Ligand SMILES: N[C@@H](CCC(=O)N[C@@H](CS)C(=O)NCC(=O)O)C(=O)O
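Set out below in structure tokens:
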């Protein structure tokens, strides 16, 4: 099968699928687009105007990162999703929670002033405390086995790590299991190789340009 991922270079949702493909050592092509000025073919394959989009053998198209990841997982064994139906459903619920956390992280990055930033940071911390309660001995979400839930949280934790370095808020000190999970994920070759080589510079520059409160720490 020929896979093509349509991406925006900083998108955490596309990064989930990149990690899945790399974990499975499945070759793929990645096409970066400018979401502010998308190519004329994009609306026809992305009904919600979002990335990721996965093209399979050119003419089959999927959108939504969780759906794309499950399809990739089912068609490229061995599976990363747990085999037990309860465990799998539980993982899906926490992947959805992780998507919500990515939204919170984005709002924190875009908050205009310190009050707005603190409000979003506190909401994010409250959500991280829920995640903390789900984690066991690690190193991954389900224990020893790396899963789709790990692919779903790695982009969030990679970005939080960058933010913490520039403007420390003690988020991982207050959620130590999440901190250890971040370390295990960031050490994983598929995670490290899931972004462009100058990702950190691009990430910092992009949010510095947005002019929000955090931007001045990222510049
Ligand atoms: N629920 C979607 C979210 C994807 C998403 O929000 N992608 C962003 C880029 S990171 C996007 O394409 N935004 C463009 C827009 O909302 O117009 C998924 O999991 O794939």
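Numbering (my numbering), first residue to last: -12 to 206.
Note that beta-carbon positions come from the ideal geometry of N, C-alpha and C, so glycine has one too.
Computed from a predicted structure; not experimentally measured.
Could you pull the start and end residues of the beta strand (DSSP E) that residue i belongs to?
i, result
"residue 138", "Counting along the chain, residue 138 falls outside any beta strand (DSSP E), though it belongs to the alpha helix (DSSP H) covering 135 to 153."
"residue 16", "16 to 19"
"residue -5", "Looking at the DSSP string, residue -5 is not in any beta strand (DSSP E), and its letter there is neither H nor E."
"residue 41", "40 to 43"
"residue 49", "47 to 50"
Out of the options, which has the shortest C-alpha to C-alpha gap to residue i?
i, options, result
"residue 14", "31, 43, 23 and 49", "43"
"residue 141", "116, 164 and 175", "175"
"residue 121", "158, 151 and 81", "81"
"residue 187", "26, 74, 150 and 162", "150"
"residue 128", "156, 102, 159 and 68", "68"
"residue 203", "25, 97, 2 and 58", "97"
With 16 as the cutoff for other CB atoms within 10 Å, does residue i come out buried or exposed?
i, result
"residue 35", "exposed"
"residue 199", "buried"
"residue 117", "exposed"
"residue 99", "exposed"
"residue 263", "Residue numbering for the chain in the displayed model covers -12 to 206; residue 263 lies beyond these limits and cannot be assessed."
"residue 31", "exposed"
"residue 95", "buried"
"residue 115", "buried"
"residue 60", "buried"
"residue 23", "exposed"
Would you mind stating whether residue i and residue j have Cβ atoms separated by less than 8 Å?
i, j, result
"residue 183", "residue -4", "yes"
"residue 143", "residue -1", "yes"
"residue 7", "residue 136", "no"
"residue 134", "residue 78", "yes"
"residue 40", "residue 89", "no"
"residue 16", "residue 177", "no"
"residue 92", "residue 153", "no"
"residue 126", "residue 167", "yes"
"residue 45", "residue -11", "yes"
"residue 191", "residue 173", "no"
How would you write the range of the alpha helix (DSSP H) that residue i sits in, first residue to last?
i, result
"residue 128", "Neither: residue 128 is in no alpha helix (DSSP H) and is coded neither H nor E."
"residue 196", "186 to 197"
"residue 201", "No alpha helix (DSSP H) contains residue 201, which DSSP labels as neither H nor E."
"residue 174", "Taken as a continuous stretch (DSSP letters only), residue 174 belongs to no alpha helix (DSSP H), as it is neither H nor E."
"residue 121", "101 to 121"
"residue 88", "72 to 97"
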